[in-house]
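Asks: In terms of the UniProt record's numbering, the sequence shown has 174 at position 174, counting the first letter as 1, and numbering is strictly consecutive.
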Amino acid sequence: MPTLHMREGNANEVESKAASKLQARKGLLVAFDSLFPKDYEIEEERLVKLWMAQGFIKPLGQNQCLEDVGHEYFMELLWRSFFQKDEENFWDEGPIFKIHDLMHDLAILVAGLESTTFEINGKNIDEKTHHMSFGFNLGSSTQIPTLLFKANRMRTFLLPCQNWYSNQMVWNQLTCDAFVSSFKFLRLLDLHEIGIRNVPHSIGKLKHLRYLDLSYNRHIKMLPNSITRLQNLETLDLSYCKELTELPKNISKLINLRHLNIDECNSFTHMPRGFGQLTNLHSLARYVLSTDSRCGGELKELHGLNQLRENLTIENLRHKKDAELEYKAVNLKEKQHLKGLTLEWTWTWEVDVGYDEMSVEALEPNQNLKSLELKGYRGVKYPSWLYLLKNLVSLKLVSMKNSQDVLPLHQFPSLKSLWLSFVPSLEYVSLVSESFKLPPLESLHISDCPNLKGWWKRRSDFSEEDEDAADNYGEISTITTKNHSFSRLSQLHISGCPKLSSMPLFPYLEILRLDNSNLRLLERTISMGMISTVSQENPTAAAVAKPTSSARSFSSILAASFTPLSKLKSLGIGMIECSDDHFLQHFTALGRLSLYNYNGDEMELEWQGLRKLQDLELNDHPKLASLPVGLQQATSLRYLAIRFCPSLTILPEWICEIISLQSLHIWYCRNLTSLPALTSLKTLKIWICPNLTSLPALTSLQSLDIWDCPNLTSLPALTSLKTLGIRTCPILVESCKSQDWIARIENLNLEEDSEQTWSFTKIFGRCSGSTSQ
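1) Nearest to residue 274 by CA position, among 247, 265, 214, is which residue?
2) Among 288, 63, 685, 364, which residue has its Cα nearest to the Cα of residue 346?
3) Where does residue 491 land, buried or exposed, given buried means 16+ other C-beta within 10 angstroms?
4) Going by Cα to Cα distance, which pick from 235, 251, 280, 119 is closest to residue 259?
5) Within 8 Å (strictly less), CB to CB, does residue 713 reach chain C?
6) Less than 7 Å between C-beta atoms, sequence neighbours within five positions excluded: which residues of the same chain meet that for residue 256?
7) According to DSSP, which residues form a beta bridge with residue 195?
8) Is DSSP giving residue 132 helix, strand or coil here?
9) At the level of alpha carbons, what is the spacing between residue 745 and residue 719?
10) Got a sec, what are the start and stop residues for the alpha helix (DSSP H) residue 72 sits in?
11) Is the number of C-beta pairs between the region 369-380 and the region 99-116 that are closer than 8 Å three or more?
12) Of all the beta strand (DSSP E) runs that stay within the bounds of the region 673-699, which reach a length of 3 or more residues?
13) So residue 58 is in the alpha helix (DSSP H); what residue range does that whole segment cover?
14) Ignoring anything shorter than 4 residues, give me the alpha helix (DSSP H) runs that lie fully in the region 257-292, in order along the chain.
15) What is the DSSP secondary structure of residue 309, reduced to helix, strand or coil?
16) Which first and last residues belong to the alpha helix (DSSP H) in which residue 734 is found?
17) When burial is assigned at 16 or more other CB atoms within 10 Å of the CB, is residue 215 buried or exposed?
18) Where residue 728 and residue 692 are concerned, what is the direct C-alpha to C-alpha distance, given to the nearest angstrom?
19) Out of 741, 35, 423, 44, which one is the CA nearest neighbour of residue 132?
20) Report the option in 73, 338, 344 whose CA atom is closest to the CA atom of residue 367.
21) In terms of residues, what are the limits of the alpha helix (DSSP H) holding residue 432?
22) Can you give, in chain order, each stretch of the beta strand (DSSP E) that sits fully within the region 619-652 and has at least 3 residues?
23) Keeping to the same chain, check which residues put their C-beta closer than 6 Å to that of residue 188; ignore five residues upstream and five downstream.
24) For residue 689, which residues of its own chain have a beta-carbon under 7 Å away from its beta-carbon, when the five flanking residues on both sides are left out?
25) Of the residues 323, 404, 749, 574, which one's Cα is nearest the Cα of residue 517?
26) Assign residue 739 to one of two classes, buried (16 or more other C-beta atoms within 10 Å of its C-beta) or exposed (fewer than that).
27) Quick check on the DSSP output: the beta strand (DSSP E) that includes residue 398 runs from which residue to which?
28) First and last residue of the alpha helix (DSSP H) that includes residue 322?
29) Determine the direct distance from the alpha carbon of residue 503 to that of residue 651, and round the result to whole angstroms.
30) Using a 10 Å radius around the Cβ and a threshold of 16 neighbouring Cβ atoms, would you call residue 659 buried or exposed?
31) Does the beta-carbon distance from residue 679 to residue 700 come in below 8 Å?
32) Thinking C-alpha only, which one of 696, 512, 310 is nearest residue 442?
33) With a threshold of 6 Å on Cβ separation, who are the neighbours of residue 747 within its own chain once the five nearest residues in sequence on each side are excluded?
34) Write down the C-beta distance between residue 697 and residue 716 rounded to the nearest angstrom, noting that I regard them as a contact closer than 8 Å.
35) Report, in whole angstroms, the separation of the C-beta atoms of residue 74 and residue 56, which I expect to be a contact under 8 Å.
36) In the structure shown, what three-state DSSP assignment does residue 607 receive?
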């Protein structure tokens with residue numbers, strides 16, 4: 001018995017110590033997160049990788065994946081309100097999180113000297129500092145503070161405030177080499193968006209390095225071979241390195257690499273041979289096959305990479321005969337942890353459709369797959385295994401030139417997102433049937449399907465008379481039932497579908513974009529909603545509730561039955577002929593509005609109902625000479641963007657009365673000459689306005705970005721300014737260099753010329769047909 005009690009005591013002591021260690025690790029996470037500024041937006045996946053690089057995450061069981069443990073830590077901190085979800089970021093595919101303000105203060109307190117944010121004139125560096133971030137944007141004039149070298153045992157170097165658009169050379173190779181050589185204990189090194197062209201060979205000396213971020217350095221063409229000495233490296237982020245062509249040949253030496261990101265590396269040509277030896281890879285954004293089969297890694301390199309967990313894109317699949325054996329070697333069916341898969345074929349005009357239909361069968365993925373995209377597939381029929389993917393949440397069909405088959409959507413009970421883009425032969429999406437239930441779609445995108453006529457293909461027993469009747473009053477005999485309504489659909493985007501005129505109902509839509517498509521689609525949807533309501537209350541009345549005239553006012557339909565779109569929060573309308581300017585008055589919940597290619601002179605729409613409107617974008621309106629007078633009614637407006645409006649010369653003085661307006665973006669308004677004194681404005685971006693000659697005293701302005709405004713020669717004293725960026729304004733830049741108040745600005749970026757800006761000006765000046773008159 002004493003032995004038993006002793007064992008129980010030992011077990012309790014072990015559990016107690018384990019719990020203490022777990023809590024200590026979570027305390028380290030909190031302290032580490034103090035490195036990010038307040039209101040900083042971050043994704044869970046990236047944060048977990050940063051935690052892993054510092055060894056903060058330990059497996060709780062023998063076979064437990066570190067990323068899964070990190071997810072559990074993150075969810076606990078989210079549950080305890082350390083993080084909060086950014087609800088306003090509803091355009092993003094994945095959720096974005098922020099650290100709660102009060103929790104951020106707590107994190108700084110917990111961090112002490114261990115973690116610190118270095119400010120531009122700061123002296124808060126201690127030899128005990130192990131984790132550091134810069135609280136400002138590094139510019140070309142920024143020097144490495146000598147004080148920094150005091151913390152020579154630094155483990156973390158982060159640049160959370162680095163601007164994505166600057167792309168100037170912040171550090172040359174010599175400076176970068178000196179920095180890398182001085183901090184040999186780094187585990188996490190963030191050098192994103194600092195404009196480096198050559199990664200120093202000394203990077204290979206950082207033997208403790210686990211996380212390396214070189215993203216957004218678009219001039220990097222190759223990596224040094226010395227990078228393959230980093231045998232502890234877990235994450236290598238090369239995304240948006242636009243000129244990167246390939247990886248080092250010995251990349252297979254990075255035996256602990258778990259995450260490799262080469263997303264948006266547009267010049268990338270092929271994966272190296274031996275890539276398949278990286279069997280610890282958990283995420284690989286792209287696997288690029290060489291268009292020249294004689295060089296680069298083959299498809300079979302993917303055979304043993306069965307730990308892949310995120311999304312994988314296989315690019316440059318070839319349209320060729322007898323490709324089954326090559327494709328089968330990928331072993332996709334055994335990759336049970338893979339969440340998303342994109343199969344992308346090379347672009348060719350002519351191909352035997354039979355080749356793709358036969359070979360695609362060998363690319364059957366595991367049935368656990370959540371997301372699938374087929375791009376450039378030239379078969380007429382979908383692969384047979386598509387119908388076995390019962391767990392699909394997202395399905396994208398892109399650039400499928402020959403596809404004509406309707407989709408058996410009822411076989412995807414979990415489908416939340418459907419994307420159809422450039423499927424020119426498609427006429428109908430699904431078959432009409434009372435027994436088929438629609439999937440629980442939340443997001444639907446249909447673009448560039450010029451021959452798409454409707455959602456349902458009529459049954460073989462549907463007579464021509466029945467079809468004409470359905471065309472006249474919304475197919476009420478088939479689609480007014482509950483089974484034919486998208487009861488969960490919140491986002492709908494339709495563009496380039498001029499023939500599409502009928503769809504299921506979408507009563508709870510929150511985001512709508514309708515571009516270069518038939519406005520009758522919207523009219524009929526609302527009309528169907530009215531008929532559906534009548535039919536439920538009085539089935540007999542439904543038979544006579546069909547519209548009496550095709551010329552019936554859109555506004556009157558909305559007035560009769562507005563319920564289906566009463567939750568609409570975001571609306572984008574473009575390239576659509578609309579004779580009724582009153583349609584906006586019904587969208588009372590609207591928070592974001594984007595209007596583009598509007599042909600009216602004054603854009604006198606019904607603005608008075610838009611009391612909740614906060615964001616407004618006016619894009620490509622060639623005749624717009626001034627802002628619409630009715631916009632004065634939008635008293636909650638915070639953000640205004642005006643792009644490609646060549647007739648606009650000034651902004652009216654009354655806009656100063658909208659005191660809620662904090663952010664103004666003006667882009668390519670070539671006849672704009674001046675701005676009013678917007679005293680509440682905090683952010684101003686002016687890009688490519690060649691006739692702008694002056695700016696007023698904007699007393700609350702904190703951030704100013706000016707790009708290619710050659711006639712703007714000086715700035716007034718903007719005493720609240722914290723961030724200033726000027727590019728391709730040589731006279732203005734020279735003028736600013738002599739201003740003492742400008743020299744004291746925290747984040748300063750002055751460039752006399754910019755290759756990127758020049759190319760934008762050239763493109764816009766040549767291609768924007770409506771704005772070049």
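All C-beta atoms, glycine included, are put in the ideal place defined by N, C-alpha and C.
Replies: From the atom records:
1) 247
2) 288
3) buried
4) 235
5) The structure shown has no chain C; it contains just one protein chain.
6) 231, 232, 233, 234, 280
7) None; residue 195 has no bridge partner.
8) strand
9) 9 Å
10) 66-79
11) no
12) 683-687
13) Counting along the chain, residue 58 falls outside any alpha helix (DSSP H), and DSSP gives it neither H nor E.
14) none
15) coil
16) 730-736
17) buried
18) 14 Å
19) 35
20) 338
21) Unbroken run through residue 432: none, as it is neither H nor E.
22) 639-643
23) 53, 156, 211
24) 666, 669, 670, 672, 709
25) 574
26) exposed
27) 394-398
28) Where residue 322 is concerned, there is no enclosing alpha helix (DSSP H), given that its DSSP letter is neither H nor E.
29) 41 Å
30) exposed
31) yes
32) 512
33) 136, 137, 723
34) 5 Å
35) Incorrect: roughly 12 Å between the Cβ atoms, too far for contact.
36) coil
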